[in-house]
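Undergrad: One structure coming up, written as structure tokens, with questions to follow.
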Amino acid sequence: MKAWANIDTPLKTYTVHLDHEKCPYVVEMKQKTAQGWKKQQGTGGWKSFRSKEEALDIYDISYKGKFEQIECGHCK
Numbered sequence: 362m363k364a365w366a367n368i369d370t371p372l373k374t375y376t377v378h379l380d381h382e383k384c385p386y387v388v389e390m391k392q393k394t395a396q397g398w399k400k401q402q403g404t405g406g407w408k409s410f411r412s413k414e415e416a417l418d419i420y421d422i423s424y425k426g427k428f429e430q431i432e433c434g435h436c437k
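Residue numbers (the working numbering): 362 to 437.
What follows is the structure, encoded as structure tokens:
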């Protein structure tokens, strides 16, 4: 199942959401590529992944120890 991560740089959080109708945060979500990922790094943004496992792997590689990892309460 596809997953989304909301990477919030000011709050230092990495929130994982599953792409299904239970989660109001990802209904009809699309990654905003017009702004570009490098520009989003100042405030953060949304990033799509093929699965929850992939999103958590990227957290472990790039954000662990720097950001708090959160799982969306609506997706559980």
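Where a beta carbon is used, it is the ideal one built from N, C-alpha and C, also for glycine.
Whose C-beta lies closer than 7 Å to the C-beta of Val387 among residues of the same chain, with five residues either side of it excluded?
TA: Trp365, His378, Asp380, listed in sequence order.
Undergrad: Can you tell which of Met362, Ile368, Pro385 has its C-alpha closest to the C-alpha of Glu429?
TA: Taking only the C-alpha atoms, the option nearest Glu429 is Ile368.
Undergrad: Tell me the rounded alpha-carbon separation between Gly426 and Tyr375.
TA: Distance between the alpha carbons of Gly426 and Tyr375: 11 Å.
Undergrad: Under DSSP, the alpha helix (DSSP H) around Lys427 begins and ends at which residues?
TA: Counting along the chain, Lys427 falls outside any alpha helix (DSSP H), and DSSP gives it neither H nor E.
Undergrad: With the cut-off set at 8 Å, would you say Ser409 and Lys363 are in Cβ contact?
TA: Yes, the pair counts as a contact, with Cβ atoms nearer than the cut-off.
Undergrad: Taking all protein chains shown into account, decide if Lys383 is buried (16 or more other Cβ within 10 angstroms of its Cβ) or exposed.
TA: The residue is exposed, with fewer than 16 neighbouring Cβ atoms inside 10 Å.
Undergrad: When burial is assigned at 16 or more other CB atoms within 10 Å of the CB, is Gly405 buried or exposed?
TA: When all chains shown are included, Gly405 counts as buried.
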